[in-house]
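Notes follow once the structure below has been shown.
Numbering (the numbering used here), first residue to last: 12 to 194.
Here it is, written out as structure tokens:
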């Protein structure tokens, strides 16, 4: 993952818990304190930061990842990638449907970028979307759920997310149903 991801983990920790907690987390993780935004780092660095944050903050890794997804949208994506986000969609559903296009555009800036892929399907229920998430990185579904919640706030859209158990569908993905406007 790129350094900007790890720098954003630092931003989340320092803004919510303070600089002292960040020092303990990066030391516990055994990683450098700062990162070069455009440099690619081994994914293990990010996973170690999440594990250390989980231990140090007494939160589950899922809680850390969900909070990080929300933080990413609200404090990084809407600032650093505002123009790209505006070009990707004008509403929550439209934006989701164009995520793969956005990720393809980002590959020109980040040559080693290995983006996830999303398939968004409108269901027969009005306001309900099936979202299939594909990634070669394990364990990031809570991050994606946090991203979806952050995007819903960005687009001023209430949502409910229902994750479908992996054994309940045959595809090699994580499946969710997102209901717009809540239940």
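C-beta atoms are modelled at their ideal positions from N, C-alpha and C, and glycine is treated no differently.
What does a CB cutoff of less than 6 Å around residue i pick up in its chain, not counting 5 residues either side in sequence?
i	result
residue 128	111, 145
residue 23	79, 82
residue 35	67
residue 106	99, 100
Keeping to the same chain, check which residues put their C-beta closer than 7 Å to that of residue i; ignore five residues upstream and five downstream.
i	result
residue 123	51
residue 56	17, 42
residue 156	77, 80, 172
Output yes or no for whether 8 Å exceeds the beta carbon distance between residue i and residue j.
i	j	result
residue 182	residue 84	no
residue 97	residue 125	no
residue 59	residue 40	yes
residue 54	residue 12	yes
residue 186	residue 175	yes
residue 121	residue 162	no
residue 191	residue 168	yes
Would you kindly report the start and end of the unbroken alpha helix (DSSP H) that includes residue i?
i	result
residue 35	30–40
Spatial neighbours of residue i within its chain, please: CB distance less than 8 Å, with the 5 preceding and 5 following residues excluded, ordered by chain position.
i	result
residue 15	46, 48, 49, 87, 91
residue 32	24, 25, 67, 68
residue 19	79, 82, 83, 86, 87
Give the C-beta separation of residue i and residue j to the nearest angstrom, bearing in mind that I take them to be a contact with Cβ-Cβ under 8 Å.
i	j	result
residue 170	residue 189	5 Å
residue 76	residue 154	4 Å
Residue i lies in the beta strand (DSSP E); which residues open and close that run?
i	result
residue 190	185–191
residue 129	128–133
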